[in-house]
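Numbering follows UniProt numbering, in which position 170 of the sequence shown is assigned residue number 170; successive positions increment by one, without gaps.
No residue lacks a Cβ here, since even glycine has one placed at the ideal position from N, Cα and C.
None of these values were measured; they are calculated from a predicted model.
To start, the structure itself, in structure tokens.
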Amino acid sequence: MQKIDIRTVDVIQYLQPLREGGSLPAIVKADDGFLYVLKFRGAGQGKMALIAEFMGGELARAIGLKVPELVFMNLDESFSKTQPDEEIQDLLKFSVGLNLGLHFLSSAITFDPLVTTVDGLTASKIVLLDSLISNIDRTDKNTNLLYWNKELWVIDNGASFYFHHNWPNWTEHLTRTFPLIKDHVLLKKADQLTEAAVEIKRLLTEDIIRDIVSSIPEDWLQSESETMSPADMKAAYMEYMTTKLSNIDLLVKEAADAR
């Protein structure tokens, strides 16, 4: 098995905010010469959104979906001092340290379900992935999919794993299905759910899940308000994903009924 290898880069230039995103992500340049969409630890949902973005993206990649490269991005305190916009200045100030970047896909267009075609297996895999990770944010109003180089790319998984915003009750989510799948932008096109489930179970092994979970930076799991340790949180993510996978047939039925 090939282990995931997440690079760490330094932000060297803040280029522009993406104001269509509620958390004010930005296009930045890194010391490797590439442009990234930077997701900030100091934004509304904080480090939990970065964990969801990271895990959702790498799980999507593991099942064969197209995902921009994810990198850990160091941001130093100098950027907040040179930013004239007070809102962005505060965001940069509270985001000093390790953040998450997605490789910027230049000239990519937002997926439009009325214009862009997508094959049934790909649609089914995305629908089931979002059921597994409880992603509430891939709807007609906000597709969080891009069309680039004639291929569909999965982005913005930060609204997933919402159980981790309330750790004391996380076990209550283990056996729940995901009724909100009825609003998924690709549900109508997902006509190969059973086949997709077989492929997901084959590709998403316990070792791969453990590799992804173990790659979550310890710093993102530490909070003065949390009683659970980072190790316990990682164990919880592991149990959550393996339990959901063991119940994937229930998610298939739920999505099929919703169609």
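Is it true that the CB of I200 sits closer than 7 Å to the CB of I109?
As a working note, residue 109 is residue 109 in the sequence shown. As a working note, residue 200 is residue 200 in the sequence shown. For the pair I109 and I200, the CB atoms are not nearer than the 7 Å cut-off.
M1 (DSSP reduced to helix, strand or coil):
Looking up residue 1 in the sequence shown gives position 1. Only weak support is given to the placement of M1: the predicted model assigns it a pLDDT of 47, under 50, and the value that follows is read from those uncertain coordinates. Note: M1 maps to coil in three-state DSSP.
Determine whether the beta carbon atoms of A255 and V71 lie at a separation below 7 Å.
As a working note, residue 255 is residue 255 in the sequence shown. As a working note, residue 71 is residue 71 in the sequence shown. With respect to V71, A255 sits apart: the two C-beta atoms are not nearer than 7 Å.
With a threshold of 16 other CB atoms inside 10 Å of the CB of I12, please say whether the residue is buried or exposed.
Position 12 of the sequence shown holds residue 12. With fewer than 16 other Cβ atoms within 10 Å, it is exposed.
Range covered by the beta strand (DSSP E) that runs through Q13:
Numbered from 1 along the sequence shown, position 13 holds the residue referred to as residue 13. Where Q13 is concerned, the enclosing beta strand (DSSP E) stretches over T8 to P17.
In the structure shown, what three-state DSSP assignment does N142 receive?
Taking the first residue of the sequence shown as 1, we reach residue 142 at position 142. Of the three classes helix, strand and coil, the one that applies to N142 here is coil, per DSSP.
Where does P217 land, buried or exposed, given buried means 16+ other C-beta within 10 angstroms?
Taking the first residue of the sequence shown as position 1, residue 217 is located at position 217. Buried, since its Cβ has 16 or more Cβ neighbours within 10 Å.
Rounded to the nearest angstrom, what separates I6 and A235 at their Cα positions?
Start at 1 with the first residue of the sequence shown, and residue 6 comes out as number 6. Start at 1 with the first residue of the sequence shown, and residue 235 comes out as number 235. Near 20 Å, if we compare the C-alpha coordinates of A235 and I6.
Counting C-beta neighbours from all protein chains within 10 Å, is the total for R41 16 or more, i.e. buried, or is it exposed?
For this step, residue 41 is matched to residue 41 along the sequence shown. R41 is buried by the Cβ-count criterion.
Compare the Cα-Cα distances from Y162 to each of P17, D32, K29 and E53 and report the closest residue.
Looking up residue 162 in the sequence shown gives position 162. The residue with the shortest Cα to Cα distance from Y162 is E53.
Given P27, which residues of its chain have a CB within under 7 Å of its CB, disregarding the five upstream and five downstream residues?
As a working note, residue 27 is residue 27 in the sequence shown. The sequence shown places Ile at residue 27, not Pro. Here the set comprises L15, Q16, L18, L35, V37 and F104.
Helix or strand or just coil, what does DSSP make of T110?
Locating residue 110 in the sequence shown gives position 110, where the first residue counts as 1. It is a strand residue.
Counted within 10 angstroms of its Cβ, other Cβ atoms place S80 as buried (16 or more) or exposed:
In the sequence shown, counting from the first residue as 1, residue 80 sits at position 80. Of the other Cβ atoms in all chains shown, 16 or more fall within 10 Å of the Cβ of S80; this residue is therefore buried.
In its own chain, which residues sit with a C-beta less than 6 Å from the C-beta of residue 262, not counting the 5 before and 5 after it?
Since the first residue of the chain shown is 1 and the last is 259, residue 262 is not available in this structure.
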